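Using the UniProt record's numbering, the letters of the sequence shown correspond one by one to residues 1 to 395.
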Amino acid sequence: VDLSSVQGTGKAGRVLKEDILSYVGKPATLTHNTSNTLQENIIPVKGIMKAMIKSMTLSQSPAIIYNQGSVTCSQSAGSKVGERRKGSALIEKNLGCSGRDFKSRAARPAVNSRALSLGAHGSAHVDRLIFILSWGGAGWRRGFADGYSSQLKTIGVSIPHFVYSDEILVGPLNDLCKSLKHESQAKGIKLTLLPFFIKAASKALEQYPILNSSLDKDCENIIYKSGHNIGIAMDTPGGLVVPNIKNVQHLSVLELAEKLAKLRSSSLKGSLQLEDVTGGTITLSNIGSIGGTYTKPVILHPEVAIGAFGKIQGVPRFDLYGNLVRAEVLCVSWAGDHRVIDGATMARFSNAWKHLIENPALLLVTFVGTIAHQSAKPIHQATPSLRSSQGLAVY
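Below you can see the structure in the form of structure tokens.
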């Protein structure tokens, strides 16, 4: 071999053994029998783990690929968005949104008609598609999304994450969970706090549905998902998997606990099905079951939000009268896609979730069908709320 024609990769261009083998077309061995080199054991990524890694990688890419039927709209749903004419006001009708007026700088094509799939209760559910329109010709919303995307591309990240964190008092929820222990065991269900967290997230999503949405690849439309398919990050011997529970809005806490146990069992056995790990709309991670307090969770593409719960700790706090008391506190961290969600919306969503967790009796009512949330007002916690069980002020 003519060493002058071999590209050296060693220090100062030194030609190594691997360079020569590569030059002559022979694969370089990955294991070196020298005392100064660690042995490398390469395991191919397969199955669900391969899909999870691909999805996590896509979190750093603006490309969004939807499976056929994952976004379903009908002509009737498109008509509800309103007239899309240049200079005309657009009013979001019958969508459970704010109904604010927007101005479109150009006419847009009608939404394509697709077949609707039936939901868990036999009724057709339609994902809501809201156009990102211009404002006074400036294109503020679209420009904001495009600007964030282009800015983050320069550093290799295309989902601009932001994190909002808070403390939650879980003492009353712990007490409630213990009081329901015998009833749940009689039904063969192990009840933990996580099903309550999931149900509270679904209830809060009804007030702030934008967290249950996604952004299309052109940053042109926000797609509101009709069902709350909440993913749960699970640690398995094969690595991280995120199966999701479909239509959480229709399930009770006990039903969630049962489905959660089945998904956990399947993930440990490696028997999760494709439908278990696809179609998620928002993700929750109970990393606190392993350890840690606050974290910065990574959004699972194409979702726009994720929540992570730290471990529960007994910490000293002052009650309303200035007395030092013991409180059970959980730290929660929410990450949002800043192209779609602003900090104030995330804070209000977190407050709504927090209110339900700290008042867990509100989660015991089983709602069947779609819950009317038009009259529900966002919960603002600008002032302290009294806690009858511990006498604590929650700010």
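From the three backbone atoms N, C-alpha and C, an ideal C-beta is built for every residue, glycine too. Bear in mind the structure is a predicted one, so any value in this text is a computation, not a measurement.
{"Item": "I need the straight-line Cα distance from Asp342 to Leu16, nearest angstrom please.", "Value": "53 Å"}
{"Item": "Whole angstroms is fine: what's the gap from Asn351's alpha carbon to Ser179's?", "Value": "25 Å"}
{"Item": "Give a yes or no on whether the C-beta atoms belonging to Cys331 and Thr283 are separated by under 7 Å.", "Value": "no"}
{"Item": "Please classify Glu183 as buried or exposed, where buried requires at least 16 neighbouring CB atoms within 10 angstroms.", "Value": "exposed"}
{"Item": "On a Cα-Cα basis, can you pick out the residue from Gly322, Leu320, Leu364 and His161 that is closest to Ile198?", "Value": "Leu364"}
{"Item": "When the distance is taken between beta carbons, is Leu215 closer than 7 Å to Ala257?", "Value": "no"}
{"Item": "Would you kindly work out how many angstroms separate the C-alpha atoms of Ile42 and Gly238, rounded to a whole number?", "Value": "Only weak support is given to the placement of Ile42: the predicted model assigns it a pLDDT of 46, under 50, and the value that follows is read from those uncertain coordinates. Taking the straight line joining both Cα atoms gives about 14 Å."}
{"Item": "What separation, rounded to the nearest whole angstrom, lies between the Cα atoms of Ser289 and Val329?", "Value": "14 Å"}
{"Item": "How would you call Gly369, buried or exposed, if buried means at least 16 neighbouring beta carbons within 10 angstroms?", "Value": "Residue confidence for Gly369 is low, a pLDDT of 33 falling below 50, so the modelled location carries little weight and cannot support an answer."}
{"Item": "Excluding the five sequence neighbours on either side, which residues of its own chain have a C-beta within less than 7 Å of the C-beta of Val6, listed in chain order?", "Value": "Val15, Asp19, Ile20 and Tyr23"}
{"Item": "Where does Leu215 fall in DSSP's three states?", "Value": "strand"}
{"Item": "When the distance is taken between beta carbons, is Asn229 closer than 7 Å to Asn244?", "Value": "yes"}
{"Item": "Along the chain, where does the beta strand (DSSP E) containing Thr345 start, and where does it finish?", "Value": "First-last for Thr345: Gly343 to Glu358, but that is the alpha helix (DSSP H), not the beta strand (DSSP E)."}
{"Item": "On the DSSP bridge list, what partners appear for Ser165?", "Value": "Ser333"}
{"Item": "Skipping 5 residues on each side, what residues in its chain have a beta carbon closer than 6 Å to that of residue 396?", "Value": "The requested residue 396 is not part of the displayed model; the chain covers only 1 to 395."}
{"Item": "What did DSSP end up calling Gln7 once you bin it into helix, strand or coil?", "Value": "coil"}
{"Item": "Taking Cβ positions, are Ile189 and Leu254 nearer each other than 7 Å?", "Value": "yes"}
{"Item": "Strictly by DSSP, which residues pair up with Gln313?", "Value": "Val329"}
{"Item": "Smallest Cα separation from His355: which of Glu167, Leu3, Lys225 and Ile159?", "Value": "Glu167"}
{"Item": "Please state if the CB of Gly307 and the CB of Trp334 are separated by a distance shorter than 7 Å.", "Value": "yes"}
{"Item": "Do Leu194 and Cys177 count as a contact pair if the criterion is CB distance below 7 Å?", "Value": "no"}
{"Item": "Measure the alpha-carbon distance for Met234 versus Leu240 and round it to whole angstroms.", "Value": "6 Å"}
{"Item": "Tell me which same chain residues have a C-beta within less than 8 Å of the C-beta of Asp279, skipping the five on either side of it?", "Value": "Correcting the residue identity first, residue 279 is Gly in this sequence and not Asp. Closer than 8 Å at Cβ, skipping near neighbours: Ser70, Asn229, Asn244 and Lys246."}
{"Item": "Pick from Phe196, Asn174, Ile210 and Leu3: whose alpha carbon is nearest that of His338?", "Value": "Ile210"}
{"Item": "Taking only the alpha-carbon atoms, compute the straight-line gap between Pro360 and Cys219 and give it to the nearest angstrom.", "Value": "38 Å"}
{"Item": "Contact check, Ile159 vs Ile287 under 8 Å by CB: the rounded distance?", "Value": "Actually they are not in contact, since the Cβ atoms of Ile159 and Ile287 sit about 20 Å apart, beyond 8 Å."}
{"Item": "Find the nearest neighbour of Tyr224 within the set Gln207, Leu324 and Val315, judged by alpha-carbon distance.", "Value": "Gln207"}
{"Item": "With distances taken between CB atoms, is the gap from Ala347 to Tyr164 smaller than 7 Å?", "Value": "yes"}
{"Item": "Which whole runs of the beta strand (DSSP E) in the region 251-288 are 3 residues long or more, in chain order?", "Value": "282-285"}
{"Item": "Buried or exposed: where does Gly231 fall if 16 or more other Cβ atoms within 10 Å of its Cβ makes it buried?", "Value": "buried"}
{"Item": "Among residues of its own chain, excluding the 5 on either side of Gly291, which ones have a beta-carbon nearer than 7 Å to its beta-carbon?", "Value": "Lys311"}
{"Item": "From His250, Leu274, Leu173 and Gly336, pick the residue whose C-alpha is nearest to that of Leu362; which is it?", "Value": "Leu173"}
{"Item": "Give the DSSP-derived three-state secondary structure of Val241 in the structure shown.", "Value": "strand"}
{"Item": "Tell me the residue span of the beta strand (DSSP E) that contains Asn221.", "Value": "Asn221 to Tyr224"}
{"Item": "Compute the beta-carbon to beta-carbon distance between Val248 and Ser202, rounded to the nearest angstrom, for a pair I have assumed lies under 8 Å.", "Value": "4 Å"}
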